[in-house]
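In our numbering, the protein residues as written are 7 to 131. All C-beta atoms in this analysis are idealised placements derived from N, C-alpha and C, irrespective of residue type, glycine included. Below is one structure, written out as structure tokens; the observations come after it.
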Amino acid sequence: MSEPQALAYPDIEIYLKRVPVEDILSWLDGLIGICESTQRGEKTEVILTDNVPCTIFENAVKGGYTSVWFRENRSPWLTDEACAEVAFAHFGVEVRCSTGSWEGEDEQGWIRFTKDGRSVVNWLA
């Protein structure tokens, strides 16, 4: 990584629009490696290589968005945006993430990647 690790978010979370969990698991396995996964309903708990915990939650947000949450940031990415950009390049579907490291009721907005490019949006608007 070219940026100092101190700039890394404590966790990484992105939202993928209408991507099957099986496809997300395949993507993660190819990028990082999966040691184990357990699915219970719409929630899939994954342990990635180097014991990195990840939760995939289908339909986490209205509109068919699936959350992919690396609960500890020992991922290849320093920020949500870096992860979202790679996910968009791979899946070619709308991907969203927070504009900054999550601070509870943060109203900074959301970064959205689509075929039309990158934009900042208000998710609720």
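Length of the line joining the Cα atoms of residue i and residue j
i: residue 132; j: residue 104; result: Residue coverage of the chain in this structure runs from 7 to 131, which leaves residue 132 outside it and unanswerable.
i: residue 58; j: residue 119; result: 25 Å
i: residue 73; j: residue 40; result: 17 Å
i: residue 53; j: residue 37; result: 13 Å
i: residue 90; j: residue 24; result: 14 Å
i: residue 134; j: residue 71; result: The first residue shown for the chain is 7 and the last is 131, placing residue 134 beyond what the model contains.
i: residue 117; j: residue 93; result: 13 Å
i: residue 60; j: residue 106; result: 19 Å
i: residue 81; j: residue 101; result: 18 Å
i: residue 31; j: residue 17; result: 18 Å
i: residue 97; j: residue 121; result: 11 Å
i: residue 49; j: residue 19; result: 15 Å
i: residue 62; j: residue 86; result: 15 Å
Selection from the options that minimises the alpha carbon distance to residue i
i: residue 55; options: 79, 70, 122; result: 79
i: residue 45; options: 36, 37, 26; result: 26
i: residue 14; options: 83, 67, 61, 76; result: 83
i: residue 130; options: 122, 67, 31, 28; result: 67
i: residue 76; options: 51, 122, 125, 97; result: 51
i: residue 64; options: 87, 28, 124; result: 28
i: residue 95; options: 115, 123, 35, 19; result: 123
Assigned secondary structure, residue i (DSSP; H/G/I helix, E/B strand, else coil)
i: residue 36; result: helix
i: residue 54; result: strand
i: residue 48; result: coil
i: residue 27; result: helix
i: residue 88; result: helix
i: residue 93; result: helix
i: residue 13; result: helix
i: residue 64; result: strand
i: residue 73; result: strand
i: residue 22; result: strand
For residue i: DSSP bridge partner residues
i: residue 123; result: 120
i: residue 59; result: 53
i: residue 1; result: Because residue 1 is not part of the residues shown, which for the chain are 7 to 131, the question remains open.
i: residue 78; result: Bridge partners of residue 78: none, in fact.
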